[in-house]
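See structure below.
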Amino acid sequence: IFSLSEKIENINGQYWTLRAEETDIILVIDITLATMRPDRSWMIRRKDCTGQVSEEFKNGVDDFIKIAKKDPTVVDALSRIPCPCSKCKNYVRKETFWVEKHLYQYGFMEDYINWTIHGEDRWGIIVQHQLSMMKR
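With full-length UniProt numbering, the residue at position 63 of the sequence shown is 63, and numbering never jumps.
In structure tokens, the structure reads:
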């Protein structure tokens, strides 16, 4: 049982807000789900202190490419995806090998943190479910 207004954070990487209202006849429970934003701070730390592409950035690019390749609507018939580097800005499709090289060389385009063009859901979209029950 929870209080009439309670927020539970970070359950399976998501935020849940529970709200209950008690009236004379029914108990209304709203459950709101909003996708938690992943930490993408690695995207601006492309180079390490020696000027080389950092391992953190390489790992992040690997994760990005895995996400993009999972969505069949992103990959075209020639196995290419939109290149989100600062040069191509998602206007040019390339094989993932070349996307990786472009990201290492040019970095991600500015403000492309939520990878919606590459199959990721928009952040902050709220899904609401409502359950109404008769009071006993």
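We put the beta carbon where it would ideally sit given N, CA and C, even for glycine.
- Distance from the Cα of glycine 60 is smallest, within the candidate group Gln52, Pro72 and Arg46, for Arg46.
- Per the Cβ contact rule, the segment 116-124 is not in contact with the segment 100-107 (fewer than 3 Cβ pairs under 8 Å).
- Pairing isoleucine 81 with valine 74 gives a Cβ-Cβ distance under 7 Å.
- The continuous stretches of alpha helix (DSSP H) do not include lysine 87, and DSSP gives it neither H nor E.
- CA-CA distance, isoleucine 44 to glutamate 55, rounds to 13 Å.
- With fewer than 16 other CB atoms across the displayed protein chains lying within 10 angstroms of its CB, proline 72 is exposed.
- For the pair tryptophan 42 and serine 79, the Cα-to-Cα distance works out to about 26 Å.
- When secondary structure is reduced to three states using DSSP, valine 53 falls in the strand class.
- Sequence-distant partners of glutamate 120 (beyond 5 residues in either direction) whose C-beta falls short of 8 Å from its own C-beta, in its chain, are Ile67 and Asn114.
- Straight across, the Cα-Cα distance linking isoleucine 117 with cysteine 49 is about 31 Å.
- Counting the other Cβ atoms within 10 Å of the Cβ of phenylalanine 97 gives fewer than 16, which makes it exposed.
- For glutamate 95, the uninterrupted beta strand (DSSP E) run begins and ends at 93-95, by DSSP.
- When the five nearest sequence neighbours on each side are left out, the beta carbons in the same chain lying within less than 7 Å of the beta carbon of glutamate 95 are those of Ser79 and Arg80, in order along the chain.
- Residue pairing of lysine 47 in beta bridges, as defined by DSSP: Val53.
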